[in-house]
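A.B. asks: Heads up: the protein sequence lines correspond to chains U and D, in order. In terms of my numbering, the first sequence opens at residue 1132 and continues consecutively. In terms of my numbering, the second sequence opens at residue 11 and continues consecutively. Think of the CB as a built atom: it goes at the ideal place given N, C-alpha and C, for glycine as much as any other residue.
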Amino acid sequence: MSLLAIEDLYGGYGGADILSGVRLTVDPGEIVVIIGPNGAGKSTAMKSVFGLITVRQGRITFDGKDITRLPTQQIVRHGICYVPQTNNVFTSLTVHENLEMGAYVRRDNYAGQFDKVYDLFPPLRERRNRPAGHLSGGQRQMVAMGRALMMEPRLLLVDEPTAGLAPLFIDQIFQIVKDVNRLGIAVLMVEQNAKKALAIAHRGYVLTLGRNRHEDTGPNLLADREVAEMFLGG
Amino acid sequence: MIELIQLVLYGVVLGSIITLGAIGVSLVFGILRFAHFAHGDMMTLGAYFAFVGYVTIGLPFWLAFPVAAAAAAGVAVLIDQTIYKRLRRSDPVILLISAFGMALILRSLVQIIWGPSNLVYASGIQLPIRIGDLRIKEDHFYIVGGALVLVIGLHLFLTRTTMGKAMRAMADNVDLARISGVNTEKVVIWTWVIAGVMAAAAGIFLAMDTRLHPVMGWRILLSVFAAAIVGGIGRPYGAIAGGMVIGISEEVSTLFINPSYKAAVSFAILVAVLIYKPTGIVGARR
Ligand SMILES: Nc1ncnc2c1ncn2[C@@H]1O[C@H](COP(=O)(O)OP(=O)(O)OP(=O)(O)O)[C@@H](O)[C@H]1O
Ligand SMILES: [Mg+2]
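1) For residue 1196 of chain U, which of helix, strand or coil comes out of DSSP?
2) Measuring only from the beta carbon, is residue 1306 of chain U closer than 6 Å to any heavy atom that is part of ligand 2?
3) Examine the Cβ distances between the region 1191 to 1202 of chain U and the region 1132 to 1142 of chain U and report whether three or more of them are shorter than 8 Å.
4) Residue 1213 of chain U versus chain D: which residues are under 7 Å apart at the beta carbon?
5) Going by other Cβ atoms of all chains shown within 10 Å of its Cβ, with 16 needed for buried, is residue 1365 of chain U buried or exposed?
6) Whole alpha helix (DSSP H) runs in the region 17 to 89 of chain D with 4 or more residues, listed along the chain?
7) State yes or no: is the C-beta of residue 1321 of chain U within less than 7 Å of the C-beta of residue 1198 of chain U?
8) Can you list, in chain order, the stretches of the alpha helix (DSSP H) that have 4 or more residues and sit fully within the region 140 to 186 of chain D?
9) Measuring from the CB of residue 1174 of chain U, is there a heavy atom of ligand 2 at a distance below 6 Å?
10) Would you list the residues sitting across from residue 222 of chain D in a DSSP beta bridge?
11) Please indicate yes or no: does the CB of residue 1270 of chain U lie closer than 6 Å to some heavy atom of ligand 2?
12) Which residues mark the beginning and the end of the alpha helix (DSSP H) in which residue 1175 of chain U is found?
13) Check whether the region 217 to 230 of chain D and the region 106 to 125 of chain D are in contact - that is, three or more C-beta pairs closer than 8 Å.
14) Using Cβ-Cβ distances below 9 Å, what residues of the region 1194 to 1209 of chain U are close to chain D?
15) Give the secondary structure of residue 1262 of chain U by DSSP, where H, G and I count as helix, E and B as strand, and everything else as coil.
16) Mark residue 1334 of chain U as exposed unless 16 or more other C-beta atoms lie within 10 angstroms of its C-beta, in which case mark it buried.
17) Rounded to a whole number of angstroms, what is the C-alpha to C-alpha distance between residue 1354 of chain U and residue 1348 of chain U?
18) Does the beta carbon of residue 101 of chain D sit closer than 7 Å to a beta carbon anywhere in chain U?
19) Taking 6 Å as the cut-off, is the CB of residue 1216 of chain U close to at least one heavy atom of ligand 2?
20) What residue range does the beta strand (DSSP E) around residue 1138 of chain U cover?
21) Could you pull out every unbroken beta strand (DSSP E) segment of at least 3 residues lying fully inside the region 1253 to 1312 of chain U, listed in chain order?
22) Compute every distance between the C-beta of residue 1137 of chain U and the non-hydrogen atoms of ligand 1, then say whether any falls below 6 Å.
23) Do three or more CB pairs link the region 148 to 156 of chain D to the region 90 to 99 of chain D at distances below 8 Å?
24) Can you confirm whether residue 1141 of chain U, when its beta carbon is compared against all beta carbons of chain D, has any partner nearer than 7 Å?
25) Establish whether the CB of residue 179 of chain D and some CB of chain U are separated by less than 7 Å.
26) Give the straight-line distance between the Cα atoms of residue 23 of chain D and residue 72 of chain D, rounded to the nearest whole angstrom.
27) Does the distance between the C-beta of residue 247 of chain D and the nearest non-hydrogen atom of ligand 1 fall short of 6 Å?
28) So with CB distances below 8 Å, who are the chain A contacts of residue 1224 of chain U?
29) My guess is that residue 1307 of chain U and residue 1296 of chain U are in contact by the Cβ rule of under 8 Å, so how many angstroms apart are they, rounded?
Structure representation (structure tokens):
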């Protein structure tokens, strides 16, 4: 059974539908990548899982439970964490406080999780008491992912984690996504760096105009002529 | 020179009172994004609650104070849950107008219940303590000391407790706070509790320094808002700096201008800050 299933979803921001029939599944332990042109509705699809858009029709289930219209603040309790595309850190809070906010709903002892996150993102350890707003773009992205990982989620949603980063950092982020996945965490990722993203993905979806265009394994999408022309630079 | 120091001391006292009010205004703005115009009258109400505890019932002052603060916090939460909560999704202007209406309601209630004339906590004149040529009233120590304790308490709350951190997180980025699992309605309630306690303390201190009157809070509201904006609205730490700047400027200005124009001084500073550094003197909100 799929861990996450978005079934025939229609919805948007109150006006016209942005999503017009999106279908998408993530199985436990998978890395699934969404690619598509700007404005295709990739971010909107991610937001739908966290109750941040108005769903007009369709259903979202996680682990078999219907989560379609749950309030945003309850989603994380099911074991899903989300790193939005923009404004994904608390800029006025320190790095460490950002991580604490990531564990906000945890009631167990999670002290050890800080070390795991700092081991995953060494630059954050020495900057733990700096406001996140003072960090570079790459480091902020680390804070954003670190915050999400504090929950030890079963599914991580990441929206364009490499946007605006230098090539060196881009490879680092993809490596981290692989490392995170190796811990058993399923990942659903939106990416503009389609080639690199599909190379580490088990499966991928191509979204255009709020609809599914293609769906296949990572390697098959990489080999697809049309996908290559549209997204992989010829 | 002595006179200047004397006025600065008075300014610190006034600044302490203004700070406590401005912290609430700033917190509420940071969390709910609206200018709470009823804050001054909430201060008034807190002062009258303490009057009931201390004078009417005869509780010792150290007990009447927290009881009044708790009652004011309760009223703040009640107003929010019955009125402002219904307007959370509407235009901020609607909230602002409803707060303005609430200000009128609170002020009228105070006037109906306790009458339009001045009241005092203790009659008789308190002789000032002399330090050299400086005169300080004993109450001034309590006011500044009390404000200090409350500000330190607020700082510990905001930096050491889970709820305090959630409050800062929500003021910073509401969506991300929700995504992290923060129950924003609970944070809102805590915000009103703190704003209510701080407002009551400000009102009680103001009444100790002057006297109780139904418009006491309304009259100081401009200074309170000026302090919140000068400090950078939505930033409770800025409110401390803003409160001191406004309090000291108002008092020192009486060297040059008629004291009845004090409020104009806050207004002038407010306008200057809005023109030259609209994000407040403590640095821009990122
Ligand atoms: N908050 C919003 N309110 C109204 N419309 C929005 C909002 N956010 C996005 N949209 C619209 O929804 C459509 C899809 O946007 P979305 O952000 O999902 O695209 P995307 O595929 O993530 O694009 P990008 O690659 O640029 O991130 C766009 O037409 C956009 O203008
Ligand atoms: Mg996007």
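C.D. replies: Let me lay it out:
1) What you label residue 1196 of chain U is simply residue 65 of the first sequence in a count that begins at 1. Residue 1196 of chain U falls in the strand class under three-state DSSP.
2) Residue numbering aside, residue 1306 of chain U sits at position 175 when the first sequence is read from its first letter. No, the beta carbon of residue 1306 of chain U sits no closer than 6 Å to any heavy atom of ligand 2.
3) yes
4) To locate residue 1213 of chain U, count along the first sequence from 1; it is residue 82. Near residue 1213 of chain U (Cβ distances below 7 Å), the residues of chain D are 189.
5) Counting from 1 along the first sequence, the entry for residue 1365 of chain U is found at position 234. Confidence at residue 1365 of chain U is low in this model, with a pLDDT of 43, below 50, so its placement is unreliable and the value that follows should be read with caution. The residue in question, residue 1365 of chain U, is exposed, as its Cβ has fewer than 16 Cβ neighbours within 10 Å.
6) 49 to 61
7) Stepping through the first sequence from its first residue, residue 1321 of chain U is reached at position 190. Stepping through the first sequence from its first residue, residue 1198 of chain U is reached at position 67. For residue 1321 of chain U and residue 1198 of chain U, no; Cβs fall outside 7 Å.
8) 148 to 170, 172 to 182
9) Stepping through the first sequence from its first residue, residue 1174 of chain U is reached at position 43. Correct: residue 1174 of chain U has its Cβ closer than 6 Å to ligand 2.
10) Position 212 of the second sequence holds residue 222 of chain D. Paired residues: D:129.
11) Translated into positions along the first sequence, residue 1270 of chain U becomes position 139. Checking the Cβ of residue 1270 of chain U against ligand 2 gives no.
12) By 1-based counting over the first sequence, the position of residue 1175 of chain U is 44. 1173 to 1180 is the extent of the alpha helix (DSSP H) around residue 1175 of chain U.
13) yes
14) 1202, 1203, 1204, 1205, 1206, 1207, 1208
15) Sequence index remark: in the first sequence, residue 1262 of chain U carries index 131 (1-based). Note: residue 1262 of chain U maps to strand in three-state DSSP.
16) The residue you call residue 1334 of chain U lines up with position 203 of the first sequence. When all chains shown are included, residue 1334 of chain U counts as buried.
17) One-based indexing of the first sequence puts residue 1354 of chain U at position 223. One-based indexing of the first sequence puts residue 1348 of chain U at position 217. Cα to Cα, residue 1354 of chain U sits roughly 10 Å from residue 1348 of chain U.
18) Within the second sequence, residue 101 of chain D is the residue found at index 91, counting from 1. By this cut-off, residue 101 of chain D is not an interface position.
19) Against the first sequence, residue 1216 of chain U aligns to sequence position 85. Under cutoff, so the answer is yes.
20) Along the first sequence, one-based indexing puts residue 1138 of chain U at 7. Here the beta strand (DSSP E) through residue 1138 of chain U covers 1135 to 1143.
21) 1286 to 1290
22) As a position in the first sequence, residue 1137 of chain U is number 6, starting the count at 1. For ligand 1, not one heavy atom lies less than 6 Å from the Cβ of residue 1137 of chain U.
23) no
24) The sequence position of residue 1141 of chain U within the first sequence is 10, counting from 1. Not one chain D Cβ lies under 7 Å of residue 1141 of chain U.
25) Counted from its first residue, the second sequence places residue 179 of chain D at position 169. Interface residue, yes.
26) One-based indexing of the second sequence puts residue 23 of chain D at position 13. One-based indexing of the second sequence puts residue 72 of chain D at position 62. Cα to Cα, the separation comes out at about 20 Å.
27) Indexing the second sequence from 1 puts residue 247 of chain D at position 237. It does not: the Cβ of residue 247 of chain D is nowhere closer than 6 Å to a heavy atom of ligand 1.
28) Here the protein chains are U and D, and chain A is not one of them.
29) One-based indexing of the first sequence puts residue 1307 of chain U at position 176. One-based indexing of the first sequence puts residue 1296 of chain U at position 165. Incorrect: roughly 12 Å between the Cβ atoms, too far for contact.
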